[in-house]
Amino acid sequence: MGAFDFLLQGLATAAEPMMLLYALIGVTLGTAVGVLPGIGPALTVALLLPVTYRLDAAGSLIMFAGIYYGGMYGGSTTSILLNTPGESASIITALEGNKMARKGRGGPALATAAIGSFIAGLIATLLLAFLAPWIVKVALVFGPREYFALMVLAFVTVSAAFGDSALRGLTSLFLGLALACVGIDQLTGQARLEFGVPVLLDGIEVTTMAVAMFAVGEALFIAGQRIHIDDELTAVKGSIWMSASDWARSWKPWLRGTFIGFPIGAMPAGGAEIGTFLSYATEKKLSKHPEEFGHGAIEGVAGPEAANNASAAGTLVPLLTLGLPTSATAAIMLAGFQQFGLQPGPLLFATNPTLVWGLIASLLIANFMLLVLNLPLIGLWVKLLTVPKPWLYAGILLFATLGTIGANPSTFELGMLLGFGVLGYGMRLFGYPIAPIVVGLILGPMAEQHLRRALSISQGDWGYLVQSPIAAVLLGIAALALIVPLILRARGKGEMLSQLAGDED
Amino acid sequence: MTIIRYIRSALRMFGAAVSVVSDLRVNHLPSERELNRLGIKKADFQAIHLN
Amino acid sequence: MSVTRFDPPRRRDPAALIIAAGLAVVAGVMLWDSARLADLGGYSGVGPASVPRVVAFGLLGLSVWTAIEALRGDFPQRPRQAPAPVLWIVAGLSAQMMLLHVAGFSIATGILFAFTARAFGKTNLAMTIPLGIGFAFVVWTIFSQLLMLNLPAGPLEHLIFPGA
Numbered sequence: 001m002g003a004f005d006f007l008l009q010g011l012a013t014a015a016e017p018m019m020l021l022y023a024l025i026g027v028t029l030g031t032a033v034g035v036l037p038g039i040g041p042a043l044t045v046a047l048l049l050p051v052t053y054r055l056d057a058a059g060s061l062i063m064f065a066g067i068y069y070g071g072m073y074g075g076s077t078t079s080i081l082l083n084t085p086g087e088s089a090s091i092i093t094a095l096e097g098n099k100m101a102r103k104g105r106g107g108p109a110l111a112t113a114a115i116g117s118f119i120a121g122l123i124a125t126l127l128l129a130f131l132a133p134w135i136v137k138v139a140l141v142f143g144p145r146e147y148f149a150l151m152v153l154a155f156v157t158v159s160a161a162f163g164d165s166a167l168r169g170l171t172s173l174f175l176g177l178a179l180a181c182v183g184i185d186q187l188t189g190q191a192r193l194e195f196g197v198p199v200l201l202d203g204i205e206v207t208t209m210a211v212a213m214f215a216v217g218e219a220l221f222i223a224g225q226r227i228h229i230d231d232e233l234t235a236v237k238g239s240i241w242m243s244a245s246d247w248a249r250s251w252k253p254w255l256r257g258t259f260i261g262f263p264i265g266a267m268p269a270g271g272a273e274i275g276t277f278l279s280y281a282t283e284k285k286l287s288k289h290p291e292e293f294g295h296g297a298i299e300g301v302a303g304p305e306a307a308n309n310a311s312a313a314g315t316l317v318p319l320l321t322l323g324l325p326t327s328a329t330a331a332i333m334l335a336g337f338q339q340f341g342l343q344p345g346p347l348l349f350a351t352n353p354t355l356v357w358g359l360i361a362s363l364l365i366a367n368f369m370l371l372v373l374n375l376p377l378i379g380l381w382v383k384l385l386t387v388p389k390p391w392l393y394a395g396i397l398l399f400a401t402l403g404t405i406g407a408n409p410s411t412f413e414l415g416m417l418l419g420f421g422v423l424g425y426g427m428r429l430f431g432y433p434i435a436p437i438v439v440g441l442i443l444g445p446m447a448e449q450h451l452r453r454a455l456s457i458s459q460g461d462w463g464y465l466v467q468s469p470i471a472a473v474l475l476g477i478a479a480l481a482l483i484v485p486l487i488l489r490a491r492g493k494g495e496m497l498s499q500l501a502g503d504e505d
Numbered sequence: 001m002t003i004i005r006y007i008r009s010a011l012r013m014f015g016a017a018v019s020v021v022s023d024l025r026v027n028h029l030p031s032e033r034e035l036n037r038l039g040i041k042k043a044d045f046q047a048i049h050l051n
Numbered sequence: 001m002s003v004t005r006f007d008p009p010r011r012r013d014p015a016a017l018i019i020a021a022g023l024a025v026v027a028g029v030m031l032w033d034s035a036r037l038a039d040l041g042g043y044s045g046v047g048p049a050s051v052p053r054v055v056a057f058g059l060l061g062l063s064v065w066t067a068i069e070a071l072r073g074d075f076p077q078r079p080r081q082a083p084a085p086v087l088w089i090v091a092g093l094s095a096q097m098m099l100l101h102v103a104g105f106s107i108a109t110g111i112l113f114a115f116t117a118r119a120f121g122k123t124n125l126a127m128t129i130p131l132g133i134g135f136a137f138v139v140w141t142i143f144s145q146l147l148m149l150n151l152p153a154g155p156l157e158h159l160i161f162p163g164a
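Residue numbers (the UniProt record's numbering), protein chains in the order written: chain A, 1 to 505; chain B, 1 to 51; chain C, 1 to 164.
Here is the structure:
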C-alpha cells in the first residue's frame, strides 16, 4: 500500500465525528493561544497533558497537532493588528503586516497570512505524508547507536549552540539532562537522585517542568518588567478581501515560503523562526518592488506566514518517523505520545498505522477548519486581544496550576512548580534559553537508554558508536554545529562586542 | 562562479537567520549587521513590541 | 518596545559567579549520588551511575566556563526588573501551595489569581479575591465534575457539591 492509500484510510479515521470534534477543539484553542501574547502552543499542550490523560489517545494527539497548527495561524493576527507577535514564528510578519494595517490594508494582510498558511499547511502536510514512509524505511535499519547520534544532534541544535549563547544553551541543556537522571533507572531499577523523597522515584514530571518554565517563569519576568505598553490596536478598515494584484503578488511567496519552511522545520535546526526570516530575506531579494519593503509589502507577510506553517508540518516529520523532537512544542508533543504509552518512530507506523495516518490526515482537515476560523471569524479573535494583562496572566497561572494539580494534587508538586518557575525566571533574566532544559528532560532518558544499549552490544567499546557511517555522520554534524560557531565567534569577537545590544523589554 | 556566489550568499543568509533567532530566544536584540543581511532595518525591527 | 542600548561593562560579574558555583554544586551532588549506586555495568561497563557522572562532568566544565565569562565580564547585561510584582506572584503561588489541602482548590487558587492580578496592576484585593475565588470555583466545577480531574475540594466545594 502506498502513502496515498494510507492517507485515504487516515481520512476515514479523522472524519469520525469525535475526531472532528477533537480537531476543532484543538484548532480553536490553538488559534486563541496564538493570538494571546505570552502563551504559546508548547505551554498549551503541556497544560492539556493531565486533562487528556483519560481521554482517547488518537483524539488527544489530533487535538495537540491542531493546537500546533492553530498557533501558527493565530500568531499572525496580533503581529498585523497590534505589532505584537503572539508567537515567535510571527515576529517577522509584524514587520510588513503592521505597516499594511496602518495603511488601511489590514484585511488583505490577514487574508494573505491565512490563505498562505492554509496553502503551506496543505502542501507541507502532503509532503509529510509522502516522505514519512520513506524515512520510516530508512529508520528501520537504525540501531541504538544511530538513535543516540540523532539525539545528540537534536541536543546540540536545540541548545541554540549557535553564536553568542553557546555557553548558556549548553548549560540549560545539561540542567535538563541532570533533572532527567532523577528517579528510578529504567534498566536496573536503582533509584537515582531521589534524596529519600518517594514522589521523585517517578522522576520529574514533564508537565510540571514545562508549565513552570513556560508559564510561571514567563509571568514573573513580564510582571517584573513593569512596563505597560498601551498596545494600539489598528482597526481592520476596508475590504478584507485581497485584490487581483494582491493575489498575483502573494502566490509565489506562498509557494517559496512553503519550500523554505518545510525542510527547515524537518531538519534538527531548531524551530520555525529561522524559516520565516529566510523567507522574508528571499522575498525582498526577489521582489519587483523592493522599495515597498519596510512600508507594507504584501510579499513580506505572505512568504513568512507560509514558511511558519510549513515548518510546523516539517517538525512533525522527524517527530513521527524517528521520535525526534526538534522544537520545544514537538518535545512536549512527544511527552503527549509517551503519556499514552506510545513511542513515535518507525515501529508506530507498523504497529498502529490507524493512529499515525489518522493524525496526519486530521492535519489536512484541521487546515480547512483553520481557514474558516481565521478568515470570516477574525473579528472574534481580535476581541481576545483586548483582555487586559492582569486578567490574562492571572488566568494563565490559574490554568497552569490547574494542570499541575490535576496531574498530582500534592503540595510537593506545587512546590516544584514554584521552584522551577523561579529557576525559569532566573534563566530568562540571565539570558539562558528555555527550550534546551525542557528537551533535555524529555529526551535525556531516551538518549541514555540508547547509549547504554549500544554500549552493551559493543561490550563497552565506545568506538562502536562511530563505526556505523550514519551514526558517524550525524555525530560529525553535531560536533561541527557546536564547534564552528564558537570558532567564528572567537574570530569576529571585536566586531560583535561593539554591536552587542541590550535586552529587550 | 555565479553558482558559488549564489551558494555563499544563501549560506550567509542562513547563518544570519540562525544567529538572529538564537538572539531572540534569549531576549537579546539581534545585531544590526545580521538584520541587514536579512534585509531588515534595525529601526523597523525595534518598533515591534516583543515580550 | 523601548530598547536600552549600552556597551557591556567589562568587569567582574558576581551574579554570574554565583551561577558558576551553583552549577558546581549540582555537579557535586550528582557525583556524590552516583558514588553510592551499585554500578551494575555488566558487559558494557556502563551502568546507572555512568550517565549522571557524564552529565556531572559536563556541568563542571560549564561551571568553569561560566566562571571565566563572569570574570571577564562577558555575561549579558540583565534587564531591569521591579522586585515587588515578582514577589506578589511568588507569594500567590506559595499561598496556593499551602492552602490547597486546607481551603480547597477554589479559595487557594482564587488567592493566586488575585495576587497575580495585583502584580500586573489591579491593586484592589477586596474586589479581586472574591472574583478569583468565583472564577476558580467555576473552573473547579468544570474540570472536577465534568472532566473528572482530581482537584482537592475544600469547605466551599463541599458546601455546594456535598458529595465532592
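Cβ coordinates follow ideal geometry from the N, Cα and C atoms, glycine included.
{"Asked": "9 angstroms Cβ cutoff met for V35/A and I67/A", "Found": "no"}
{"Asked": "Inter-residue Cα distance where the pair is M496/A and F142/A", "Found": "In this prediction, M496/A scores a pLDDT of 45, lower than 50, which makes its location untrustworthy; the coordinate-derived value is nonetheless stated afterwards. Rounded to the nearest angstrom, the two C-alpha atoms are 41 angstroms apart."}
{"Asked": "Beta-bridge partners of G183/A, as assigned by DSSP", "Found": "R192/A"}
{"Asked": "Listed by chain order, chain A residues near V86/C by CB distance under 8 angstroms", "Found": "L220, A223, G224 and Y425"}
{"Asked": "Where L11/B meets chain A, residues with beta-carbon distance less than 7 angstroms", "Found": "Neighbours of L11/B on chain A: none; closest Cβ ~11 angstroms, over 7 angstroms."}
{"Asked": "Cβ neighbours of P263/A in the same chain (closer than 8 angstroms, five flanking residues each side left out)", "Found": "G314"}
{"Asked": "Cβ-based neighbour list, L451/A, same chain, cut-off 7 angstroms, excluding 5 preceding and 5 following", "Found": "F148"}
{"Asked": "Buried versus exposed, by CB contacts within 10 Å (16 or more), P388/A", "Found": "exposed"}
{"Asked": "Cut-off 8 angstroms between Cβ atoms - residues of its own chain near S2/C, not counting five sequence neighbours on either side", "Found": "At S2/C, the pLDDT of 35 sits below 50, so the modelled position is not reliable and the matter cannot be decided from this model."}
{"Asked": "Closer than 9 angstroms at the beta carbon, the chain A residues around residue 224/C", "Found": "Lying outside 1 to 164, the shown extent of chain C, residue 224/C is not represented and no answer is given."}
{"Asked": "When V33/A, D5/A and I487/A are compared against L384/A, the one with the closest alpha-carbon", "Found": "V33/A"}
{"Asked": "Test: G494/A CB closer than 9 angstroms to a CB of chain C", "Found": "Only weak support is given to the placement of G494/A: the predicted model assigns it a pLDDT of 41, under 50, and the value that follows is read from those uncertain coordinates. No, G494/A does not count as interfacial toward chain C."}
{"Asked": "C-beta contact flag for G403/A and T207/A at 9 angstroms", "Found": "yes"}
{"Asked": "Pick from T282/A, I365/A and I378/A that is closest to A14/A, judged by C-alpha positions", "Found": "I365/A"}
{"Asked": "CB contact below 9 angstroms: P50/A versus chain C", "Found": "yes"}
{"Asked": "Contacts around P445/A, its chain only, beta-carbon distance under 6 angstroms, and the 5 residues preceding and following it disregarded", "Found": "A180"}
{"Asked": "Partners in chain C for T258/A, counting only beta-carbon separations shorter than 9 angstroms", "Found": "Correct list: empty, because the minimum Cβ distance to chain C is about 30 angstroms."}
{"Asked": "Any chain A beta carbon closer than 9 angstroms to R37/B", "Found": "yes"}
{"Asked": "Under 7 angstroms by beta carbon: chain B residues contacting L278/A", "Found": "M13, F14 and A17"}
{"Asked": "Interface flag, I19/C vs chain A, CB-CB below 9 angstroms", "Found": "yes"}
{"Asked": "Integer Cβ distance of G104/C from P152/C, believed to fall under 8 angstroms", "Found": "6 angstroms"}
{"Asked": "Chain-ordered neighbours of F161/C on chain A, where CB pairs are closer than 7 angstroms", "Found": "The premise fails here: F161/C is roughly 16 angstroms from chain A at the closest Cβ pair, so nothing lies under 7 angstroms."}
{"Asked": "Residue environment, W140/C, which counts as buried when at least 16 other CB atoms sit within 10 Å", "Found": "buried"}
{"Asked": "Rounded Cβ spacing between G300/A and E96/A (contact assumed at less than 8 angstroms)", "Found": "3 angstroms"}
{"Asked": "Cβ-Cβ distance between M213/A and G415/A below 9 angstroms", "Found": "no"}
{"Asked": "At least 3 beta-carbon pairs within less than 8 angstroms: the stretch 421-432 of chain A vs the stretch 67-79 of chain A", "Found": "no"}
{"Asked": "Any chain B beta carbon closer than 9 angstroms to T171/A", "Found": "no"}
{"Asked": "CA nearest to the CA of T44/A, picked from F259/A, Q9/A and G336/A", "Found": "G336/A"}
{"Asked": "Residue burial classification, I405/A (beta-carbon count within 10 angstroms, cutoff 16)", "Found": "buried"}
{"Asked": "Runs of alpha helix (DSSP H) wholly within the UniProt domain \"DUF1468\" (18-152) of chain C (minimum 4 residues, chain order)", "Found": "50-72, 83-119 and 125-140"}
{"Asked": "Proximal residues, the stretch 86-105 of chain A versus chain B, C-beta separation under 7 angstroms", "Found": "S88, I91, A94 and L95"}
{"Asked": "Cβ-based neighbour list, I434/A, same chain, cut-off 8 angstroms, excluding 5 preceding and 5 following", "Found": "S172, M213, F214, G217, A328, G424, M427 and R428"}
{"Asked": "Cross-chain neighbours of R168/A in chain B, by beta carbon under 8 angstroms", "Found": "V26"}
{"Asked": "Top-ranked residue by Cα proximity to M209/A, from A447/A, D5/A, T386/A and T401/A", "Found": "T401/A"}
{"Asked": "Segment limits, alpha helix (DSSP H) that includes R453/A", "Found": "A435 to I457"}
{"Asked": "Opening and closing residue of the alpha helix (DSSP H) in which D13/C lies", "Found": "Segment: none, D13/C is in no alpha helix (DSSP H) and carries neither H nor E."}
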